[in-house]
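Asker: This is the structure I have questions about; it appears just below.
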Amino acid sequence: MEHAAASDNKPWYKHPWPWILIALPATAVVAGMITLWLAVVSFDGMVKDEDVHRAKVGQGYEVDESRTQAARQLQLRATVLPDADAMGVTLHLERAPDMALPPMLMLTVQQPAHEQLDQALVLMPTGQPGEYKARTTQAFGNGRRLLLLEDESRVWRLQGTISFPTETEEAAVTLLP
376 MEHAAASDNK PWYKHPWPWI LIALPATAVV AGMITLWLAV VSFDGMVKDE
426 DVHRAKVGQG YEVDESRTQA ARQLQLRATV LPDADAMGVT LHLERAPDMA
476 LPPMLMLTVQ QPAHEQLDQA LVLMPTGQPG EYKARTTQAF GNGRRLLLLE
526 DESRVWRLQG TISFPTETEE AAVTLLP
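Note that the working numbering has the sequence shown beginning at 376, numbered continuously upward.
Structure follows, in structure tokens:
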């Protein structure tokens, strides 16, 4: 009995239960701080579609489709074929018979949610009718990418998606308005 009474006279910090009870909320605080640190350090940027003007209307969004409509009227269609080494692309542009070929095209390869991996390529004609080519200094990486093709005056736009890596001609992607 004397032994039990002596253990009750210990200060609170020498008992295990207060520390167990303190550990539970302390763990939640530490986990919250780690989550906050990860959120700040690994900011991926905004998912963007920079050329689509969105105006908030009520609970929805109104999307400006004028550039896509222009591509439809010009009967545009493009086939993109990544090079085997994934360091460039070849593009075949189909158009209305009365439309002149643009002197250059711009192809944006966007990685969803990772703006730092986006690439903008300037496609130049190869000499073949409707064929354009571009090289890049860095590989496209792995995963799904959004492709946006537009003329230099930004009158029309075609878009599509592709998954990298690609190794065969079946990897060709058709971009549509």
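Idealized CB from N, CA, C, for every residue including glycine.
Drop a sphere of 10 angstroms on the beta-carbon of E469, count the other beta-carbons inside from all chains shown, and report buried for 16 or more, exposed for fewer.
Answerer: exposed
Asker: What distance in whole Å lies between the Cβ atoms of L521 and T536, which are believed to be in contact at a cut-off of 8 Å?
Answerer: With 8 Å as the limit, T536 and L521 qualify as a contact, their Cβ atoms being about 6 Å apart.
Asker: So, at 6 Å on beta carbons, what are the nonlocal neighbours of P471 in its own chain, with the 5 sequence-adjacent residues on each side left out?
Answerer: Here residue 471 turns out to be Ala, not Pro, going by the sequence shown. Cβ within range, chain order: L449, Q450.
Asker: Give me, in chain order, the residues of the same chain whose beta-carbon lies closer than 7 Å to that of D526; leave out the 5 immediate sequence neighbours on both sides.
Answerer: P477, L480
Asker: My parser needs the alpha helix (DSSP H) runs of 4 or more residues fully inside the stretch 481-548; what are they?
Answerer: The qualifying runs do not exist here; there are none.
Asker: Alpha carbon to alpha carbon, what distance is there between G407 and Y388?
Answerer: Between Y388 and G407, the C-alpha separation is close to 26 Å.
Asker: What is the rounded straight-line gap between the Cα of T511 and the Cα of L496?
Answerer: 7 Å
Asker: Using the Cα positions of S528 and Q503, report the straight-line distance between them to the nearest angstrom.
Answerer: 22 Å
Asker: What do you get for L413, buried or exposed, if any count of 16 or more other CB atoms within 10 angstroms of its CB means buried?
Answerer: Exposed, because fewer than 16 other Cβ atoms sit within 10 Å of the Cβ of L413.
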